[in-house]
Amino acid sequence: MASGLVIAQFDARCGTPPAASYAGLDTIAGGATPAEALPVLDFDPAASEYYDFLVPAMPSAYSAGGLTLLVKFGMSSDVNTAHKVRWEVGIRRLDTAEDLGAVHAYDTNGVSVAIPDDVQKTTTGTITFTDGADIDSWAAGEPAIIRIYRDHDHVDDDATGDAELRGLFARET
Amino acid sequence: MAVLSSGDRQALWAEFQRELSSNREPTTVSKVELRAAVDAIDAWVDANAAAFNAAIPPPARAALTARQKARLLFYVVRRRFEVG
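Chains as they are written, first to last, in the working numbering: chain B, 1 to 173; chain R, 1001 to 1084.
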């Protein structure tokens, strides 16, 4: 199995906040009766905030094709489609040799995504990773942490207000 | 009183965005444009502080503290936009 293999998919409730500078868990109301309560993670526009998602195991069918990560998000206020949010994602492999307590710097790949024209809409950013060092040499059968953050002071990130992460979807490229 | 420090303007700018987000209040202005508005409004307030003070009739002009006058201005402006 290669391209298209589903590696992981998460909604906002599936992750865990890091010890500091984390996005806040929130809900947004839908328009149905009774109204839906969609869980989202609010990423601040004025400070970089992070969230972590644990993948218990890379599927055994992974064949070194790299990853494609889809970032599903909306905005809480800004509706100007000329504006963008900058997302950065890094991966930390948790193989048997990894010392979780050791200092670790996530090497990230990023994407600048134009926002939707309505606060009720969702858009998608796509981030790709090549196999090997780009995914911290994450291999089949191993767990890993996928860390996402909004790079609030990136030159492309000009959208006002919170960016609301609604889901993450990772598949083999 | 001088204009706000950059740090204070930054905090105000962040707080305003938090409020926009909490209210899910649509806007089309960018973060940079919003910050420019914060800076300009603060500069205008500073430039017109004396005129504002002169507009307050006595004895309130002498009896109210500077903070109270500023708070009263906030109340008046907010109410204008609530009823307007």
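Cβ coordinates follow ideal geometry from the N, Cα and C atoms, glycine included.
Since this is a predicted model, take the numbers as computed values, not measurements.
- Inter-residue distance for G141 of chain B and T123 of chain B is about 31 Å (C-alpha atoms, whole angstroms).
- Restricting attention to B:S63, B:E49, B:T33 and B:D42, the CA atom closest to the CA of D131 of chain B is found in B:S63.
- If you draw a straight line from the Cα of A1036 of chain R to the Cα of F129 of chain B, it comes to about 37 Å.
- Between the alpha carbons of E1025 of chain R and V79 of chain B lies a distance of about 10 Å.
- Across the stretch 1029–1043 of chain R, CB contacts with chain B closer than 9 Å involve V1029, S1030, K1031, V1032, E1033 and L1034, in sequence order along the chain.
- Contact check for L69 of chain B against L168 of chain B passes: the beta carbons are separated by less than 8 Å.
- In terms of Cα proximity to L41 of chain B, the closest of B:P34, B:G31 and B:D52 is B:D52.
- Distance from the CA atom of Y149 of chain B to the CA atom of F43 of chain B, rounded to whole angstroms, is 8 Å.
- Taking 8 Å as the CB threshold, A46 of chain B lines the interface with chain R.
- The beta carbon of N80 of chain B falls within 8 Å of a beta carbon belonging to chain R, placing the residue at that interface.
- In the DSSP assignment, Y1075 of chain R falls outside any beta strand (DSSP E) and lies within the alpha helix (DSSP H) extending over A1066 to V1083.
- Rounded to whole angstroms, I91 of chain B and A1011 of chain R show a C-alpha spacing of 32 Å.
- The C-alpha of P17 of chain B lies about 14 Å from the C-alpha of D11 of chain B.
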